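Residue numbers (my numbering): 453 to 559.
Think of the CB as a built atom: it goes at the ideal place given N, C-alpha and C, for glycine as much as any other residue.
Quick caveat: nothing in here was measured; it's all calculated off a predicted structure.
Now the structure itself:
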């Protein structure tokens, strides 16, 4: 990489390059860092496996009922056809798979 590509003038030491950095050059560097972070975040997001509709439904249902102490056994059975124990195990399994400690972290 040449001195011009790194934002400095050819033949100058890095200290002199930093000292002579203009506000425009600083903005360009800041933009490039922001752009690179944005691209990296998008790359990571697209690499995550897409969750199924069932998983989304379970998470939404559990998140909705969490402030009230959780859903009733009847509501769980009507919506998902499973027992409360099975539902709780499934929620825990989903959270483990997506790397979440709680429903609040995953929106």
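- Residue 536 is positioned such that its CB atom lies closer than 9 angstroms to that of residue 525.
- Out of 506, 491, 520, the CA that lies nearest to the CA of residue 499 is found in 491.
- Excluding sequence positions up to five before and after residue 512, its CB lies less than 6 angstroms from no other CB in the same chain.
- The Cβ neighbour count for residue 480, taken over all protein chains shown within 10 Å, is under 16; the residue is labelled exposed.
- Pairing residue 517 with residue 497, the inter-Cα distance amounts to about 28 angstroms.
- For the 9 angstroms CB-CB criterion, residue 522 and residue 514 form a contact.
- For residue 544, there are no CB contacts under 6 angstroms within the same chain when 5 residues up- and downstream are skipped.
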